[in-house]
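**Q** Those letters in the sequence shown? Residues 432 to 701, by my numbering. Dropping a structure here in structure tokens format, bear with me for questions.
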Amino acid sequence: MSSLDSTMPVDDRHLVTYSSLMEDLDRAGIKKGDVVLVHTSLSALGFVVGAARTVIEAVLESVGHTGTVMMPTYSGELSNPAEWRYPPVRKEWIKTIRTEMQAYDPLKTPTRGMGAVAELFRHWPGAIRSSHPQSSFTAIGAQAEFLVGDHPLDIRFGLSSPLGKLREIDGTSLLLGAPPQTCSLYYLSQHELEDKLEVRKSTPMMIDGVKKWVDYRDIEYPNHWFNDVTRYLVDAGIVKKTLLGAADCYLLPARKTIASVVDWRRKQGV
Ligand SMILES: CC(C)(COP(=O)(O)OP(=O)(O)OC[C@H]1O[C@@H](n2cnc3c(N)ncnc32)[C@H](O)[C@@H]1OP(=O)(O)O)[C@@H](O)C(=O)NCCC(=O)NCCS
Numbered sequence: 432m433s434s435l436d437s438t439m440p441v442d443d444r445h446l447v448t449y450s451s452l453m454e455d456l457d458r459a460g461i462k463k464g465d466v467v468l469v470h471t472s473l474s475a476l477g478f479v480v481g482a483a484r485t486v487i488e489a490v491l492e493s494v495g496h497t498g499t500v501m502m503p504t505y506s507g508e509l510s511n512p513a514e515w516r517y518p519p520v521r522k523e524w525i526k527t528i529r530t531e532m533q534a535y536d537p538l539k540t541p542t543r544g545m546g547a548v549a550e551l552f553r554h555w556p557g558a559i560r561s562s563h564p565q566s567s568f569t570a571i572g573a574q575a576e577f578l579v580g581d582h583p584l585d586i587r588f589g590l591s592s593p594l595g596k597l598r599e600i601d602g603t604s605l606l607l608g609a610p611p612q613t614c615s616l617y618y619l620s621q622h623e624l625e626d627k628l629e630v631r632k633s634t635p636m637m638i639d640g641v642k643k644w645v646d647y648r649d650i651e652y653p654n655h656w657f658n659d660v661t662r663y664l665v666d667a668g669i670v671k672k673t674l675l676g677a678a679d680c681y682l683l684p685a686r687k688t689i690a691s692v693v694d695w696r697r698k699q700g701v
């Protein structure tokens with residue numbers, strides 16, 4: 432078949448370029464000097480010329496050299512295989528998986544479920560990835576060291592975590608085509624509520640050059656209400672919803688969002 436054959440199906444997705452992304456990010460409200468936690472879905476945007484690289488270049492340029500971009504670079508599989516549910520593994524494999532699983536290495540451990548943009552971002556020149564084996568964040572820019580330089584193992588989304596620090600400096604979170612269900616910022620609200628379910632988790636880490644399974648303290652972070660609260664925040668004018676390429680894009684100011692989420696959760700009892 433010739434490349435000029437008119438019967439060939441053409442790509443009918445929304446065409447997204449670096450230039451169109453810069454315009455859309457400006458319309459979404461991103462400014463020079465902003466500190467922004469970005470969650471992405473590349474395919475939701477349309478056809479992006481240059482794919483993940485273009486998205487990263489545009490977001491970094493939007494905040495400029497005085498700004499900071501952070502992305503989630505979680506590696507949830509560095510967890511106790513006995514607790515895996517999607518899918519569970521055979522009981523007789525568990526001991527072997529624990530023995531063979533590699534310890535967390537911020538340079539080598541891949542992200543899981545974070546998307547192609549976050550996976551490329553962790554390799555970007557100047558990127559700093561936090562030390563949490565399961566729920567690391569990676570940041571680039573003026574506030575990168577402050578945000579991710581010290582990520583406590585206990586209470587991974589707590590007030591001293593990169594999320595807590597994002598709120599401390601009143602950064603924002605941007606969902607770039609990523610569903611509201613993935614908005615990590617909401618986890619912080621759990622720390623403002625009385626109802627916390629403490630849990631113990633474990634993860635493989637290098638301690639003095641030797642891999643060890645290390646226990647840590649955490650709390651449960653329920654997320655079944657994330658979609659509902661997002662609708663409420665948009666309707667209330669707290670979160671700005673725009674289109675970026677073909678995708679819904681949400682901009683959440685950290686402090687105001689968490690304060691409103693806490694109020695909403697108290698009223699809803701969730
Ligand atoms: C899971 C999730 C990443 C899936 O989104 P996705 O768009 O399907 O996947 P990616 O962002 O990895 O993008 C890769 C896909 O983009 C598409 N793609 C490839 N090149 C592309 C281009 N130039 N332009 C646009 N899309 C392209 C392909 O479909 C590709 O999938 P494939 O590798 O299976 O072929 C997304 O739904 C999500 O949840 N994002 C947020 C994750 C997060 O931050 N979680 C944190 C807390 S839970």
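C-beta atoms are modelled at their ideal positions from N, C-alpha and C, and glycine is treated no differently.
Identify whether P583 lies in helix, strand or coil by the three-state DSSP scheme.
**A** Reading the sequence shown from its first residue, position 152 is the one you call residue 583. Coil at P583, not helix or strand.
**Q** Pull the bridge partners of G608 from the DSSP assignment, please.
**A** Looking up residue 608 in the sequence shown gives position 177. G608 is bridged to T471.
**Q** Any heavy atom of ligand 1 inside 7 Å of the beta-carbon of S665?
**A** For the purposes of this step, residue 665 is identified with residue 234 of the sequence shown, where counting begins at 1. The amino acid at residue 665 is misidentified as Ser; the sequence shows Val. It does not: the Cβ of V665 is nowhere closer than 7 Å to a heavy atom of ligand 1.
**Q** Y617: which of V645, T504, L590 and T448 sits nearest, CA to CA?
**A** Residue numbering aside, residue 617 sits at position 186 when the sequence shown is read from its first letter. If we check each option's Cα against that of Y617, L590 comes out closest.
**Q** Quick one: residues in its chain with C-beta nearer than 7 Å to the C-beta of Y663, no 5 flanking neighbours on either side, listed in chain order?
**A** As a working mapping, residue 663 is identified with position 232 in the sequence shown. Same-chain partners within the cutoff: W695.
**Q** If you check the beta carbons only, do V500 and V469 fall under 8 Å apart?
**A** Residue mapping note: residue 500 aligns to position 69 of the sequence shown, counting from 1. Residue mapping note: residue 469 aligns to position 38 of the sequence shown, counting from 1. It is a contact, given that the beta carbons lie within the stated cut-off.
**Q** So K687 is in the alpha helix (DSSP H); what residue range does that whole segment cover?
**A** The residue labelled residue 687 in the question sits at position 256 within the sequence shown. Start and end: A685 to Q699.
**Q** Compare the C-beta of H622 with all C-beta atoms of chain D and state if any pair is closer than 8 Å.
**A** Among the chains of the structure shown, chain D does not appear; only one protein chain is present.
**Q** Output the boundary residues of the alpha helix (DSSP H) element that contains R648.
**A** The residue labelled residue 648 in the question sits at position 217 within the sequence shown. That residue, R648, is in no alpha helix (DSSP H); its beta strand (DSSP E) goes V641 to I650.
**Q** Could you check whether the segment 447-455 touches the segment 566-577, counting it as contact only if at least three pairs of C-beta atoms, one from each stretch, sit closer than 8 Å?
**A** Result no; under three Cβ-Cβ pairs closer than 8 Å.
**Q** Would DSSP call S493 helix, strand or coil?
**A** The residue given as residue 493 occupies position 62 in the sequence shown. Reduced to three states, the DSSP call for S493 is helix.
**Q** What is the rounded straight-line gap between the Cα of C680 and the Cα of A513?
**A** Residue mapping note: residue 680 aligns to position 249 of the sequence shown, counting from 1. Residue mapping note: residue 513 aligns to position 82 of the sequence shown, counting from 1. Taking the straight line joining both Cα atoms gives about 37 Å.
**Q** Would you list, in sequence order, the uninterrupted beta strand (DSSP E) runs of no fewer than 3 residues that lie entirely inside the segment 486-531?
**A** Runs found: 499-503.
**Q** Would you grab the beta carbon distance between S472 and A609 for me? Rounded to a whole angstrom, and I think it's under 8 Å.
**A** Position 41 of the sequence shown, counted from the start, is the residue given in the question as residue 472. Position 178 of the sequence shown, counted from the start, is the residue given in the question as residue 609. Going by Cβ atoms, the distance from S472 to A609 rounds to 5 Å, so yes, they are a contact pair.
**Q** Going by DSSP, name the residue or residues bridged to V702.
**A** The question about residue 702 has no answer, for the chain in this structure spans 432 to 701.
**Q** Is it the case that the Cβ atoms of R560 and P537 are separated by a distance below 8 Å?
**A** Indexing the sequence shown from 1 puts residue 560 at position 129. Indexing the sequence shown from 1 puts residue 537 at position 106. Going by C-beta atoms, R560 is nearer than 8 Å to P537.
**Q** To the nearest angstrom, how far is the alpha carbon of Y652 from that of D436?
**A** As a working note, residue 652 is residue 221 in the sequence shown. As a working note, residue 436 is residue 5 in the sequence shown. Computed Cα separation, rounded: 53 Å.
**Q** For G676 versus L476, is the C-beta distance shorter than 8 Å?
**A** The residue given as residue 676 occupies position 245 in the sequence shown. The residue given as residue 476 occupies position 45 in the sequence shown. Yes; because the gap between Cβ atoms is below 8 Å, this pair is in contact.
**Q** Among the candidates D639, Q621, I650 and L624, whose CA atom is the shortest distance from the CA of R631?
**A** Translated into positions along the sequence shown, residue 631 becomes position 200. Closest option to R631, Cα to Cα, is I650.
**Q** For ligand 1, is there a heavy atom less than 7 Å away from the beta-carbon of A489?
**A** Sequence index remark: in the sequence shown, residue 489 carries index 58 (1-based). A489 Cβ: outside cutoff for every heavy atom of ligand 1.
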